[in-house]
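J.: Following this message is one structure expressed as structure tokens.
Number of protein chains: 2
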Amino acid sequence: MQPEARQKRIQDHLNRVEFASLEELARELEVSVSTVRRDIAALESAGGLRRMHGGARLVNPPSDEFAFSARDTHQLTEKEAIGRACAELIGPNQTVIIDAGTTAYHVAKNLESKMPQIITNSLPVANFFAATNRAELILSGGVIYPRLGVLVGPLAVEAFTKIHADVAVMSAGGITLDGISNSHGLLIEIQWAMIRAAKKVIFCFDSTKFGRRSVSPLCGLEHVHTIVSDWGAPEELVRSLRGRGLEVVIAPQESDGS
Amino acid sequence: MQPEARQKRIQDHLNRVEFASLEELARELEVSVSTVRRDIAALESAGGLRRMHGGARLVNPPSDEFAFSARDTHQLTEKEAIGRACAELIGPNQTVIIDAGTTAYHVAKNLESKMPQIITNSLPVANFFAATNRAELILSGGVIYPRLGVLVGPLAVEAFTKIHADVAVMSAGGITLDGISNSHGLLIEIQWAMIRAAKKVIFCFDSTKFGRRSVSPLCGLEHVHTIVSDWGAPEELVRSLRGRGLEVVIAPQESDGS
DNA sequence: ATATTTCTTGCAAAATATTCCAAAATGTTT
DNA sequence: AAACATTTTGGAATATTTTGCAAGAAATAT
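Protein chains in written order, with my numbering: chain A, 1 to 258; chain B, 1001 to 1258.
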């Protein structure tokens, strides 16, 4: 097989899995590890991927988690359903804040057709729209928090205190009747700024987050207007939330396209 | 079979498979490898396909990836050499501003070992460092300029007016004795802010940029401390620049660990 | 700390490209 | 149809590129 064809296959493979070990690629392409090594070196120069110890990873990953990780695919269909349902709550040409985090990312993916103006501190969201050109995307400044691809720090907070938005699409680590909490303390201050900047606040939780309390409390339920979750959300808690005057949207299980 | 008909079959075959090896084509058309070789040579000069080691490839692949700023393969080896040479000018633990643009991107790729603090408005640079903790990366805010993955606008300018850096690694569209110019007017204001924010200003140009003048003037040479280019830079202009007191670094053609 | 895996580098073997030439095929003229 | 000129083809000898391997260096894991 010719080098260029092989390199294209490597790039394609990586576009699907985001990270691949050399051995994996060598087995798949039926060439030696040395050859794969040379190929990914060439591809790195071209800029499509980045060489890592043990393999190669995509430079602009479409999501912030490795797609091959089994743990992620677990909640994937739920998050996609939530993404579709939440996107329907958002009208065309609105200004919408997108929080960092996988669930909010799935909402963003469904927003393309609404010609929105998006404001975010999430690198994956930015990458998604940088490629498509169907939305105006404002990225907050900040320092990159390595594992998550989130922008944090004073620059990020400041960006959100200076703007106003129609909607904020948020996600967090847990929700109880006492309020919403998140596991990453660094994000709390930014999320606060997001909530204050938006006229309407939507929180997205996959159903495993219900009744869970993470380390850092984020805000009380009085700051939230709408909650979107999947079909697995505990009925009783949903009822209580509605009793508090919150709109709770449950995404339907069936998927049309996938 | 006549040559013309055979060449048409080759082109058709390639339109289906995108890549084809010589042996494959020879078998399919029942002619010798030599003949196929001559045919694809003819087709290449006609422009329908591109010849490569082992076979041929469609010149215009149907599903070519979206063109992102970092994927520009023009003057690739030169830019990589410039990247290596320029990285050597930067000390460990420095605060470095990296301009958006392919040449500056190649500098960034060589900076990881220096434990730098990087400040940039380039999404490709951010993506490159997104998964490492060997560099602290600060991304300016701003709205994404779609094709290039650059952050522009007031947020971006403001981010650079508020910070200070040891070095700024810049790139631009052209350099003459009158000064430096760039083709994207949107970037001028940001680049100005970068230059003001840095104690030392390094400009990287591949040699094709010498003597070229782009539409928007950016700054005079008095704001520049160092210029890095490749071995193709015109001697006379280099001498003149040195006469003006500028440090001019010419990257060596072969890659050696100097 | 040591042990293991992965990376680099240099080299020989294999695969592919280039150039040239004679045989075969095609076209032209008598 | 025969003789000749022209083009095309297949193949051989020689460069060039690519590939796989192995030993030492570097990075990561234990």
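Ideal placement from N, C-alpha and C gives every residue a C-beta, glycine not left out.
Just so we're clear, the structure is a prediction, and the values are computed from it rather than from any experiment.
1) Between the stretch 1075-1084 of chain B and the stretch 1142-1154 of chain B, do at least 3 Cβ pairs fall closer than 8 Å?
2) Would DSSP call L1218(B) helix, strand or coil?
3) Measure from the C-beta of G1055(B) to each C-beta in chain A and report whether the shortest distance is under 7 Å.
4) Ordered along the chain, which non-local residues of its own chain (more than five positions away) have a Cβ less than 7 Å from that of K79(A)?
5) With C-beta atoms as the reference, is K1200(B) less than 7 Å away from V1248(B)?
6) Since G83(A) is in the alpha helix (DSSP H), which residue starts that stretch and which ends it?
7) In the DSSP assignment, find the alpha helix (DSSP H) that holds I1188(B) and state where it starts and stops.
8) Is there contact between the stretch 39-59 of chain A and the stretch 177-186 of chain A, where contact requires at least three CB pairs shorter than 8 Å?
9) Are any of the Cβ atoms in chain A nearer than 7 Å to that of F1160(B)?
10) In angstroms with no decimal places, state the Cα-to-Cα distance between C1219(B) and E18(A).
11) Would you decide whether S113(A) is buried or exposed? Buried here means 16 or more other CB atoms lie within 10 Å of its CB.
12) So, with DSSP's three-state summary, where would you put G1243(B)?
13) Taking Cβ-Cβ distances below 7 Å as the criterion, which residues of the stretch 1137-1170 of chain B are in contact with chain A?
14) Kindly say whether A1198(B), judged by its beta-carbon, lies nearer than 7 Å to any beta-carbon of chain A.
15) Taking 7 Å as the threshold (C-beta atoms), are A41(A) and V33(A) in contact?
16) Could you tell me the boundaries of the alpha helix (DSSP H) in which R50(A) lies?
17) V1169(B) bridges to which residues according to DSSP?
18) How about E1136(B) and Q1117(B): are their beta carbons less than 7 Å apart?
19) Since S1021(B) meets chain A, which of its residues come closer than 8 Å, beta carbon to beta carbon?
20) Closest to T1095(B) by CA distance: which of R1051(B), F1160(B) and L1148(B) is it?
21) Would you say N60(A) reaches chain B, if we count a Cβ-Cβ gap shorter than 7 Å as a contact?
22) Rounded to the nearest angstrom, what separates Q1191(B) and E189(A) at their Cα positions?
23) What is the DSSP secondary structure of N1121(B), counted as helix, strand or coil?
24) From A67(A) to Q1007(B), what distance separates their C-alpha atoms?
25) For V1215(B), count neighbouring Cβ atoms within 10 angstroms of its own Cβ and tell me buried if that reaches 16, exposed if not.
26) To the nearest angstrom, how far is it from the Cα of G243(A) to the Cα of H225(A)?
27) Any idea what DSSP makes of T1226(B), helix, strand or coil?
28) Less than 8 Å between the CB atoms is what I'm expecting for I1202(B) and V1169(B), so what's the real figure, rounded?
29) Hey, how far is the Cα of A165(A) from the Cα of N60(A)?
30) In chain order, what residues of the same chain have a beta carbon less than 6 Å from the beta carbon of S21(A), not counting five sequence neighbours either side?
31) For V1059(B), which three-state DSSP category applies?
32) Which residue wins for smallest C-alpha separation from G48(A), given the options Q1075(B), N1127(B) and A1108(B)?
33) Please classify A1108(B) as buried or exposed, where buried requires at least 16 other C-beta atoms within 10 Å of its C-beta.
34) Could you say which of R196(A), E158(A) and E235(A) lies nearest to G211(A) if we only look at CA atoms?
35) Could you give the DSSP three-state label for A1020(B): helix, strand or coil?
36) State the DSSP-derived secondary structure class of E1030(B), mapped to helix, strand or coil.
T.: If we stick to the structure as given:
1) no
2) Working through the second sequence from its first residue, we reach residue 1218(B) at position 218. If DSSP states are grouped into helix, strand and coil, L1218(B) belongs with the strands.
3) In the second sequence, the residue the question calls residue 1055(B) occupies position 55. Between G1055(B) and chain A, the shortest Cβ-Cβ separation is below 7 Å.
4) The residue given as residue 79(A) occupies position 79 in the first sequence. The answer, listed in chain order, is T102, T103, H106 and D206.
5) Taking the second sequence and counting its residues from 1, one reaches residue 1200(B) at position 200. Taking the second sequence and counting its residues from 1, one reaches residue 1248(B) at position 248. Against a cut-off of 7 Å, the Cβ pair of V1248(B) and K1200(B) comes out as no contact.
6) Indexing the first sequence from 1 puts residue 83(A) at position 83. L76 to A87 is the extent of the alpha helix (DSSP H) around G83(A).
7) Against the second sequence, residue 1188(B) aligns to sequence position 188. Unbroken alpha helix (DSSP H) run through I1188(B): G1185 to A1197.
8) no
9) The residue you call residue 1160(B) lines up with position 160 of the second sequence. Not one chain A Cβ lies under 7 Å of F1160(B).
10) In the second sequence, residue 1219(B) corresponds to position 219, counting from 1. In the first sequence, residue 18(A) corresponds to position 18, counting from 1. Roughly 41 Å separates the two Cα atoms.
11) The residue given as residue 113(A) occupies position 113 in the first sequence. Exposed.
12) The sequence position of residue 1243(B) within the second sequence is 243, counting from 1. In this structure, G1243(B) counts as helix in the three-state DSSP scheme.
13) L1137, I1138, L1139, S1140, G1141, G1142, V1143, I1144, P1146, G1149, L1151, L1155 and A1159
14) In the second sequence, counting from the first residue as 1, residue 1198(B) sits at position 198. Answer no: the Cβ-Cβ gap between A1198(B) and chain A never drops below 7 Å.
15) If you number the first sequence from 1, residue 33(A) lands on position 33. If you number the first sequence from 1, residue 41(A) lands on position 41. Not in contact: V33(A) and A41(A) (Cβ atoms no closer than 7 Å).
16) Looking up residue 50(A) in the first sequence gives position 50. Per DSSP, R50(A) belongs to no alpha helix (DSSP H); it is in the beta strand (DSSP E), L49 to M52.
17) Counting from one through the second sequence, the residue named residue 1169(B) turns up at place 169. According to DSSP, which records beta bridges pairwise, V1169(B) is partnered with I1098(B) and I1202(B).
18) Position 136 of the second sequence, counted from the first residue, corresponds to residue 1136(B). Position 117 of the second sequence, counted from the first residue, corresponds to residue 1117(B). Closer than 7 Å, so yes.
19) As a first step, residue 1021(B) is located in the second sequence; it is residue number 21 there, counting from the start. Chain A residues near S1021(B): M1 and Q2.
20) Indexing the second sequence from 1 puts residue 1095(B) at position 95. If we check each option's Cα against that of T1095(B), F1160(B) comes out closest.
21) In the first sequence, residue 60(A) corresponds to position 60, counting from 1. Judged by the 7 Å Cβ criterion, N60(A) is in contact with chain B.
22) Residue mapping note: residue 1191(B) aligns to position 191 of the second sequence, counting from 1. Residue mapping note: residue 189(A) aligns to position 189 of the first sequence, counting from 1. Taking the straight line from one Cα to the other gives about 30 Å.
23) Residue numbering aside, residue 1121(B) sits at position 121 when the second sequence is read from its first letter. Coil at N1121(B), not helix or strand.
24) Against the first sequence, residue 67(A) aligns to sequence position 67. Against the second sequence, residue 1007(B) aligns to sequence position 7. For A67(A), the predicted structure reports a pLDDT of 43, less than 50, and the residue's modelled location is therefore unreliable. The matter cannot be settled from this model.
25) To locate residue 1215(B), count along the second sequence from 1; it is residue 215. Looking at its Cβ environment, which holds fewer than 16 other Cβ atoms inside 10 Å, V1215(B) is exposed.
26) Sequence index remark: in the first sequence, residue 243(A) carries index 243 (1-based). Sequence index remark: in the first sequence, residue 225(A) carries index 225 (1-based). Distance between the alpha carbons of G243(A) and H225(A) is about 13 Å.
27) Reading the second sequence from its first residue, position 226 is the one you call residue 1226(B). It is a strand residue.
28) Here the question's residue 1202(B) lines up with position 202 in the second sequence. Here the question's residue 1169(B) lines up with position 169 in the second sequence. About 5 Å separates the two Cβ atoms, so the contact holds.
29) The count along the first sequence starts at 1 and reaches residue 165(A) at position 165. The count along the first sequence starts at 1 and reaches residue 60(A) at position 60. Between A165(A) and N60(A), the alpha-carbon positions lie close to 27 Å from each other.
30) Indexing the first sequence from 1 puts residue 21(A) at position 21. Contacts found: G54 and G55.
31) Numbered from its first residue, the second sequence carries residue 1059(B) at position 59. Of the three classes helix, strand and coil, the one that applies to V1059(B) here is coil, per DSSP.
32) For the purposes of this step, residue 48(A) is taken as residue 48 along the first sequence, with counting starting at 1. For G48(A), the nearest C-alpha among the options comes from N1127(B).
33) In the second sequence, the residue the question calls residue 1108(B) occupies position 108. Classification of A1108(B): buried, given that the 10 Å Cβ count is 16 or more.
34) For the purposes of this step, residue 211(A) is taken as residue 211 along the first sequence, with counting starting at 1. Among R196(A), E158(A) and E235(A), the Cα nearest to that of G211(A) belongs to E235(A).
35) For the purposes of this step, residue 1020(B) is taken as residue 20 along the second sequence, with counting starting at 1. Of the three classes helix, strand and coil, the one that applies to A1020(B) here is strand, per DSSP.
36) Within the second sequence, numbered from 1, the residue matching residue 1030(B) stands at position 30. It is coil, neither helix nor strand.
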